[in-house]
Structure formats: structure tokens, C-alpha cells
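The structure under discussion appears below in the form of C-alpha cells.
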């Protein structure tokens, strides 16, 4: 069978990178070479003709050589290889190894394959020799010796700096000695463990030195860890003493036999000052300190689900400290950053880097720092040296920290791109070291170039071996498991002799009975004698520098409610963003509550071990041998979309955009959790930074963890304000007053008489089998549920009041009528224009039209609901429709709707609003404060904006109106969304800036007031209520000075955010107070309204019915122009277009003129999306056809003259 046909049939995964099915060719040439060629008078010979190509990764071609009588005379051949994969020297070594193998099997054919030695003796010696670190002798023996030597040498030099001040070497040494003597008095000494429940600070440094001086080992405890984990660590380590501070003492578990010393309490400070501050001698300790005694214990993730404590002795500390000073070129004038978590052994490395050289240790505050915040801290303190995680380094640019001269990257694998960006102009060194050695096992030289950065050579007084499964060295270039040995090796795992014996094994190459540690990391020796990291040989991973055993996370996940089986994997779907993903298989018949899972995981594990995303799967994929196939686990699908509540304010919309920007998703709804969408602590730090630069707010990262949604975080941004009274059911006075918003509508109703101007129509076309009785009952159910729908507004003594009707008085009749299809639009429009008598009629009308064609029912109905604005707003349509659907479904099944009672009714809101706003005459009231803002902001507001109308304003507006529709494509939509995110604004603000630009260019002047509705539902108790809560804000847009569009956006953002912060003053009350010149010809304070609809869409699903929503207008206009826009978001929230209407007064405009306005607005926004730096007077608002037409008219006029 031809090979090519076989490939076609098997159809393997195709790649342009390699040959299909195999990549190594072996051919034994047995064809004769003479081919019978004989030319008279000539001697013939063969020469190789190289093509410079290779069809396979390796092609090995061998030819037997036969002597006289056919005797074997040798073998010769050649290897053809791909030069983009192999160097010549590597291929030569492959040939030599093949010869060694063949020689060995000839000598002993029964030799097992794994016993064949493919290394020559010289190569073996070379590999072992290059894995041996340089010998180093130091004067220091113990960890404290390193510091004490510098304290004697430079006592007045600054040793530690943090945000609270600085300490000299002498001060640190004295304080540490005093604490150490107290610890000894409490029983601390060699082979005892003292906990340090302290945040990153100078206090932590003093405490750690004190424990070491006492001869004990310190156990760092991050105060941010879950209580359950802290309790386990203290119990497992048998730590009877804990040093802590007043701001951290609360994390210590209650009911444990742990003694604590609160080192910053005045009483303890006074007690310690009584102690001697001189250095301790061996005689001062409970027993002499030995190099083999433990110096510190650090807990790492455990594969069985239980963390394990690594015990590291003093022995390897002094030589590593001395090597770091030399290798990193640290001087007394250097300033070393202490950024690592105390529970991460890199923190020990940072301390040694500074103190071994007599340099200054700059301690970062105990918050997660990254990006511009970290850069600012580094520059403020003049940091020159430090250790950085690659993921943290990636949040900054090299120019951000020009003074940072020597940088060690470690904690996780680095990459060539990072090195290429950061190495120029500074020393960039790659470090490697598991917790089971004294901090580091190897360091590279200063890096350059963009290739895979090596992890370097072994540190002094250590050994490194790259071994196969039989503990034999592997050749250079071949991946094997890394084993480390030497002076810096840890003693093992605290209280876990079995695990210690499994990971710390005899060193077969030392010959002195010492041990070596099996790291589980795969590495290879490069040809230049340095180590290169390849990957992991087990389920241990590193995420953002933290070592994590997937088994521990999986064990915790499997214990969560309703979870039958669980798996955890590390994914890097976005380059550089490694994150944990949890997969859960639900128990039979159960549904997994992911929010509950996240909460339980957060209570058991540190935040870096909690998966960023949880995915529910039907089953876990397995390999053919029945093991979990992590590679087959699906990628999480983050489908952020406008679910739940939509943004109700400019602040929420900006937050939504910032969430989406940081998370790399197209859209984030108000109720979407930052962490459910893939956020983690590093991304949280980026978000905090963006919030600071965009909104000018300072937010603790803990606040984001506590309130991870847009809506929750928006509430927390106002924590510094006085707490508002809770909205709860209130005792009803008699009479019940109207809300501020209702008062104006009632006044207009009394002034102008019944009018359709404030009707809100909703039409539902129903196709299918309709249950008329169920529909009638459902409409009544909704009216019974919402008091606002059965409230009338009679007068008492000339003042209106709310009167909630009950029983028969609240009955709503479902009017039924058969209508011909061609008459349907007119009938619906007429129904929408039918006015209400608010003093006697409930503010909801329901009609059902049976559609007919030529008198024959067509099987369709249209349910028409007309709501007066005094009883509901646009947001109300969502709960109204939701309740109607619920009630109909229940009634169709012969039961009552089983919804939960509403927490409050509209009358409760009215009374709460009056309490909230307070008395205008009280200068401390909300009303007085906000009125003061609006009075200042709207001072000298133009009475009326000049618009390019077709006709002048009539003396009295008729409120007759019409509308034009428009739609903009997805490209413009995406461009405007991008502009909003880049500028730290919202899409609405971009649209507002565009409209202000257009109106200014059309003669509206430089002071452009634009009205905008705001939901007004400032308490979550109002979310499901039908009622009139919407308020109107006057957004005064100053376009003077010919700003760029980006500059105009900054002005708009400042104005809108300030307006939102003062949104409680009802618009009608504001008009009353400001008392502008009144006119019956136009709306007060503004004449142009702009709205971006973000109200929740009604959900229209009825059993046995298909529901569509035709658009019904009232042919009225409350404003001169009302630009009403909405977004079209795709399935994953991707911008898919903007559509909308312009409602206009027919007193002023013709439809063609309004069409032209919409086109010009599109032109302005398109120009801004392409170039936000464009000046507003440079925006071309004319189409090419318009321009040609206008130029043509001008030319004709000249000709006429």
C-alpha cells in the first residue's frame, strides 16, 4: 500500500512543522553502487552531492561494506538532519551513542534496554562535574551571624525601610535581641517553632531575626490566610508561641493552646525595653545552636490535600548569602526590595540579599502591588535590587523603573520575550529553587537575547543532577528529572517521615551518605553547561510564583456540596496568564452552586489556591489506562453578557467597562463576579490601579474580594458617606403623599387635562393556543401584586394623595376586540393615545385584539398594555412582563402564582424618599447639599438651546411628535466601546460627547445642556417593583475652547459622575427651586434628551405561545429632540450594533431633517472612534454629497450675480 494513501486513510493531525506518522527515517542501503557503469579509458568514483535539505527530522542511512569473498568489512553511512532542530555537534553525539548501544548489545544481547549505558566515561565525569557548585567558606555559621556581622560593622546604616519609617542596623539588632531573650524565657530554643502572624513589615523582619537569635525556627503565617489553614499550620507545627501585632492578632484561632506576644502593644514594648539588647551567646540559649537545627518552616501545598511543612536548617544560609552578594553585585548603598509574601521563601532570599551586604531592605506595604503602583513604590524608595515574579514584572514597562539595576526573576518559569524586553540596560538574572532547599538551587548569569532563559548553574556548596528513572545521568540536551544535593538541602517535611523518605533519597554520587532531593522538575543540560527548565514530571504546578499541588485543591473541591468528582488544571489560554481552573462533576440529581463552591474553597484555601474559574462537566476525561486526562479537560467558556441587572448609572457602566478591560472579555454585567469570569489576585491588583486612575478612588483589594460584582463594588465606593436609611415597609399616614416625580405628572395632568403624552404602551403579539381565562386572571394577579398599578390620585383640599384600591375597585377589565390585520397598527396607535383620568381610573389598561384576515381569525392575538408614567417607568416593564409570564403559566396550570411577596410597595418608597432627602432648610440634609450643588452647576444656564429646526417654536407646544429609526453597525459599536474603555468613560458618555459636538457645530453654542434619565432605583428593594422611580439629570456640557474629543470626554466624565452623585433631587423639585424663565413653548432647563437604554429587557415566554413585541408609538413628543439608543449585544456580550430612535416635536422638525441629524451624529462618532485626538471643529459633519451640493449652490449664486 502506498505510504501517501495510508496517510490519506489514517488522516492524522496535519502539521507543516513535521512529517506525518514518523519523523525519523532509518534505511539500510543494500543496492550495489557500481550499477555496471564502465567507461573506456576513465576511472570512475562517487562524490556526495549535498542538497542542503532534509525530508525528515532525522534520516539515518547505513551501508554495509563487504570485503573479499563477501566478508564483513564495516559499516558506513550518514545522518541527514534538520538544521532548524539540531546542531552538528548534537547529531555527532547521537551517532556516537548509537554506536555505544550497538556495541553493548553485541557484547551482551540479554541486557535490558534500561541498563544500557549511553554515556561515555568522560561524558559522565563531565556531567557530574558541571553539576557541582563552587566551594565557598564563610565566617558565618548561622542565619543571625550574617546580620550581626553587619550590625557591628555599620551600626548606623539604615537596615530596614517601610512606609512607617526606617531602622538602623543597630536598632534592628537591639530590638531583635530583646525579643529573643523574651522568647527564650518562654521556652523557645533549638528544635522549637515560633509562629509569626505578621504582615509584610519592619516588625516582621525584627521578629524573624529574634526567633533565629533565640535558636528557634520561625513559621511565617500570612494573616490573610483562611482561619482553618492558620489553625492547621499552628497545630501541625506544634507552635506554642506566636508573635503578632494588634492588627493581626484577630486571625489567631480561638481555643488553642498558643501563647501570643503582641509586639506593638505599649505594655509589651515597655517590657521588652527592660531586656538586654546585646547579642546572644550560645550559653544564653536553652541548648547550643547547631547548623543542622531548623531556621524556618514554610508550608507548601500537599498532593494528598494536606499542606506540608518544609524544615530548612541554618547550614546553607551563610554561603548562599555570600554568593548572592557577589553574584548580584550588591553594595552597602544598594536598596533591596522585600516584596514576596512572608510565606514564600523568596522573602528569606530578599532579607539575606540586603543584610549580607549591609544594604537597605525596602519593605513593601502588606498589599498586593503590581503595575503602576509597584513602579511608583520602587521609584519612591530608590530600589536598585530585588526579586520579581515574571507575571508581576509583566505588569510594568522597563522605562517605568529606570533605577532598578539588578533584577532576579524567579518563582515561576520565565520566557524569552520577557528577557528581551527587560535585560537591556540592567542585569537580569533567572533564579530557580524549590522550597526544599535553602531558597535557591541555581542562578543564571546576566541574561540577554530572546531565547528560552536558562536557570543557570548550581549555587555554591550544592550539587545538581539530571537523572533518568533509574537515577542515571542523562546526556546533555536530554530532559531528565532534576535532583539537588549539598549544604542547603532541607531536613525534610515536618512530622512526615514517609513523605520525607520518598522525596529525599540517598545521593549515589556523593559517596558520603548524604541525601538528594527529587524536585519533580524536568530540566536538561545545555551544550554550554547550564540548566534549562523543561516542565514538571508530576501534578505540582506554579501559579504566580506559588507552588501548588493540584491534589490538594482537588481534595478541597471534591468536598464541596453536590460535587461527586473534581479535577483541577492549570491553563494559559491567554499568553502569560496562568490560572487554575476547577472542574466539577455534580452528584446524581444535584446542581452545583458555583458561588457556594467558591465560598467554601475560599474558607479552606489561600486565595492563590482557589481556582479562578469553575466549570461543570458531565464526566472527567480519562486516558486509556484510566487516569485523569488533564489535557482533554475543556477550556472554560467565559460568556459574560448582560445578565441580571444592567448598569443603572455612569459609575456602574464605567466599572463594567473596567472589569471587561482587565478580564479580557467583551462585556461584564452588573451581577457578574470578577472572579467567576477568571479574575485572580494579580488581575485584581490591575483593576484596583485602573480604578484609581479612572475614578480617582482608593480601594483595598480585600474590598473587591468581599464585593466582586460591578453592582456590589459600586456600592462600596460610597462607604465613606453617611449610611442611608434602609428602605422597609412603613406605617402609612393618611393621606399618603405623592412622590416628587408623581407630583409633576399630576400637575401637568391638572394643567393640560388628560393627555397621552405620558402613556407607556407595551404590545405583545401572541401566536398559538391562548388561554383567555388564564390571561385575564394573570393581568389581575399583576395588578393585585403591585399597588402602583391600582393607585388613583384624588384631591383633598386641593392637594393630591395616593389612594390604593382593593377588591372590585381594583379590577382591571381585559377589553377584547377583533381587528383586521391591515387595521391593526392604527388600532394599536389609537389605544396607546387613549388618556387616563388619574383621579378615578387605575393607571393600567389592558386590551386583547384578535387578529383576523377577511373576517376569519388568523390564530394571532395582540395583548396591549398601556401604563401611565405616573405608575411605572421603562425599568418597570421588566418586572411587569416577568410577573405577567409567571402568573399566566400558573393560571394555565390551574393554580395561583407562587411568587415571593414584594419587600416594599411604591407608597413605602414615597415615604422613604421624603425621609432620605430631609428638610431643605436643614443644611446637613441630603436635599440641601444636593440642591446647593445643582444651584451652582446650573447657574446662568441658557434658557433654550438653538436647534436647526425647520420651524420656530409655537407659543404653546402641542406635544405632537413622530420618530425616525436608525441603526449603526457592529464596527462603530466596537469602536465606541473601545474608546470608552481607553478613556475610562462609559458608552453613554461617548454618545453624549458626540451629541454635544454635533449640537455645538450646528449652532447650539458652547454651553450644551442635555437631559438624561437615570433609573433612580438606588435600593435593591426596588429592583422588582413596578413604579415611577426614574429621575432626570441635566448634564451641562461645556465645549468651548475647541477641545479634542478625548479632552471633551474628560469634561463629560467629570460632569456626569458629579451629577450621578447628586441624583436624588427630583428634577421637578429642582425646576421649582431654580425657577427658570417658564415657557409653554419648550421644556425647562433642557430641550434635548439622550438615553442609552440599559433597562432589563422583558422576558416574554408563555406556554404554547410564541411572543413578539411590535413597536407602538403614541405620536407625542415631550422634548424637542429625544435620542433614544440601545445596544445590540451578541451571545457572549460582543458589540453587534447600536439601534435607536429620535423622537421629535413635529411643531419644529420634519422627518427628513431628523434623519439628517441622526446621520450627522453617526459621522461625528465614527470620526471620534478612529481618532479621539481630533479637535471638535475639525470633525466633518457633512457627507460628500452634501458638501458637493452646498458648493454647487454657492457657485450658482455667484453666477446669478
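In our numbering, the protein residues as written are 33 to 1233.
No residue lacks a Cβ here, since even glycine has one placed at the ideal position from N, Cα and C.
Own chain residues within Cβ distance below 6 Å of residue i, not counting five before or after
| i | result |
| --- | --- |
| residue 870 | 781 and 825 |
| residue 405 | 721 |
| residue 1051 | 759 |
| residue 672 | Note that residue 672 scores a pLDDT of 43, beneath 50, so its modelled location is shaky; the value from the coordinates is reported in the next line. So the qualifying residues of the chain are 697, 699, 700, 704, 709 and 1165. |
| residue 132 | 150 |
Through-space distance from residue j to residue i, alpha-carbon basis
| i | j | result |
| --- | --- | --- |
| residue 715 | residue 681 | 24 Å |
| residue 85 | residue 51 | 14 Å |
| residue 21 | residue 880 | As shown, the chain starts at 33 and ends at 1233. That puts residue 21 outside it, with no answer to give. |
| residue 169 | residue 348 | 11 Å |
| residue 652 | residue 457 | 49 Å |
| residue 806 | residue 847 | 14 Å |
| residue 1161 | residue 1085 | 24 Å |
| residue 125 | residue 161 | 19 Å |
| residue 558 | residue 481 | 16 Å |
| residue 707 | residue 581 | 21 Å |
| residue 155 | residue 114 | 25 Å |
| residue 555 | residue 74 | 57 Å |
Same chain, Cβ closer than 8 Å to residue i, five either side skipped, listed in chain order
| i | result |
| --- | --- |
| residue 70 | 76 |
| residue 989 | 1112, 1113, 1114, 1177 and 1179 |
| residue 675 | Reliability of the predicted coordinates at residue 675 is poor, the pLDDT of 44 falling under 50, and no value is obtained from them. |
| residue 28 | As shown, the chain starts at 33 and ends at 1233. That puts residue 28 outside it, with no answer to give. |
| residue 188 | 200, 201 and 202 |
| residue 643 | 585, 589, 600, 611, 612, 613, 614 and 633 |
Other residues of its chain near residue i: CB distance less than 7 Å, five sequence neighbours each side excluded
| i | result |
| --- | --- |
| residue 257 | 638 |
| residue 1183 | 994 and 996 |
| residue 972 | none |
| residue 539 | 517, 546, 547 and 548 |
| residue 1011 | 1022, 1200, 1201 and 1204 |
| residue 353 | 178, 384 and 388 |
Residue j beta carbon less than 8 Å from that of residue i
| i | j | result |
| --- | --- | --- |
| residue 726 | residue 695 | no |
| residue 1123 | residue 1044 | yes |
| residue 172 | residue 350 | yes |
| residue 390 | residue 186 | yes |
| residue 1069 | residue 1087 | yes |
| residue 1195 | residue 1209 | no |
| residue 1036 | residue 1200 | no |
| residue 190 | residue 438 | no |
| residue 868 | residue 900 | yes |
| residue 377 | residue 330 | yes |
| residue 402 | residue 424 | yes |
Whole-angstrom C-beta distance between residue j and residue i, which should lie under 8 Å
| i | j | result |
| --- | --- | --- |
| residue 395 | residue 194 | 4 Å |
| residue 304 | residue 210 | 4 Å |
| residue 498 | residue 520 | Not confirmed; about 18 Å, so no contact. |
| residue 600 | residue 612 | 6 Å |
| residue 99 | residue 112 | Incorrect: roughly 27 Å between the Cβ atoms, too far for contact. |
| residue 982 | residue 1151 | Going by Cβ atoms, the distance from residue 982 to residue 1151 rounds to 16 Å, so no, they are not a contact pair. |
Okay, do the segment 359-373 and the segment 411-422 touch, 3+ Cβ pairs below 8 Å being the bar? yes
If contact is defined by three or more beta carbon pairs under 8 Å, each pair taking one atom from either stretch, is the segment 1023-1043 in contact with the segment 783-802? no
Check whether the segment 353-367 and the segment 325-332 are in contact - that is, three or more C-beta pairs closer than 8 Å. no
Using 8 Å as the cut-off, can you tell me whether the segment 589-598 makes contact with the segment 615-626, which would need three or more C-beta pairs spanning the two stretches below that distance? yes
Can at least three beta-carbon pairs, one atom from the segment 905-925 and one from the segment 1073-1088, be found at a separation below 8 Å? no
Looking at C-beta atoms only, is the number of pairs between the segment 274-291 and the segment 176-186 that lie closer than 8 Å three or more? no
With three or more beta-carbon pairs closer than 8 Å as the criterion, would you say the segment 311-322 touches the segment 550-568? Taking a cut-off of 8 Å for Cβ pairs, the segment 311-322 and the segment 550-568 do not touch, as fewer than three such pairs fall below it.
For the pair the segment 1091-1108 and the segment 766-778, tell me if three or more CB-CB distances fall below 8 Å. Counting Cβ pairs under 8 Å, three or more are found: they touch.
So, do the segment 195-209 and the segment 231-245 have three or more beta carbon pairs nearer to each other than 8 Å? yes
At least three beta-carbon pairs within less than 8 Å, the segment 221-230 to the segment 239-252: yes
Counting pairs of Cβ atoms below 8 Å between the segment 462-471 and the segment 521-540, do you hit three or more? yes
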